[in-house]
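Peer 1:
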Amino acid sequence: MGTAMNKKEKKFTGKHVLIWLGCFFGVMFFANGMFVYFARSTWPGVVEQSPYQASQNYNKTLAEAEAQNERSWHMEVELKRSQSGVYLELLAKDKLNNPLNDLSITANVGRPTTETQDQELSLEAAGDGLYRAKVAALNPGNWRIKIEASQKGEVMFQTLETITLK
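Counted the way UniProt numbering counts, the sequence shown spans residues 1 to 166.
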């Protein structure tokens, strides 16, 4: 009977409850953080508005891509912030590094994950292969820029880039 009294009975105290709650919510925050990270880093977005229509034009799309590769044009795309606003600048050169001055260039600027802030732009030639357009106010962060350059009504170059604006 004396040994039963000496045995210390373990009690479940407020400290234990706090530790258990802290561990539980810590695991939940960690798991949810991992889900958010993987969702944001792997979401590809909408590539085609009409996948069926794109599949019907697949051979034409391949031929256009091959023709673009053969031309070996290169375009440097940049978003520049100045006191008068944000500008999209594009420097277009052919495979011999000569400026391309006779292009009609359109751009779609928007966020990579949503279409709510998309802006359609028509770039103006500034000479020596440089094209510019003023963009409505852009917040810092990643911006998706889809460029389409036409010459005499025919699409000659297309590209999709992601640029970080500071």
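Where a beta carbon is used, it is the ideal one built from N, C-alpha and C, also for glycine.
Which class does LYS11 belong to by DSSP, given the choice of helix, strand or coil?
Peer 2: In this structure, LYS11 counts as coil in the three-state DSSP scheme.
Peer 1: Could you tell me the boundaries of the beta strand (DSSP E) in which GLN119 lies?
Peer 2: Taken as a continuous stretch (DSSP letters only), the beta strand (DSSP E) holding GLN119 covers 119-127.
Peer 1: Under 8 Å: do the segment 144-156 and the segment 109-126 share three or more Cβ pairs, one atom per stretch?
Peer 2: They touch, by the three-pair rule.
Peer 1: Where does the unbroken alpha helix (DSSP H) through LYS134 begin, and where does it stop?
Peer 2: Premise fails: LYS134 lies in the beta strand (DSSP E), 130-135, not in any alpha helix (DSSP H).
Peer 1: How would you write the range of the alpha helix (DSSP H) that ASN69 sits in, first residue to last?
Peer 2: Where ASN69 is concerned, the enclosing alpha helix (DSSP H) stretches over 58-71.
Peer 1: Tell me whether ILE19 is buried or exposed, calling it buried when 16 or more other Cβ atoms sit within 10 Å of its Cβ.
Peer 2: So ILE19 counts as exposed.
Peer 1: Give me the residue from LYS166, SER84 and THR106 with the minimum Cα distance to PHE157.
Peer 2: The option with the nearest alpha carbon to PHE157 is THR106.
Peer 1: Could you check whether LEU103 and ASP94 sit closer than 8 Å to each other, using their CB atoms as the reference points?
Peer 2: No, the pair does not count as a contact, with Cβ atoms beyond the cut-off.
Peer 1: So for ASN32, helix, strand or coil by DSSP?
Peer 2: Of the three classes helix, strand and coil, the one that applies to ASN32 here is helix, per DSSP.
Peer 1: Looking at chain D, is there any beta carbon in it that lies within less than 8 Å of the beta carbon of HIS74?
Peer 2: Structure shown: chain D not included; a single protein chain is present.
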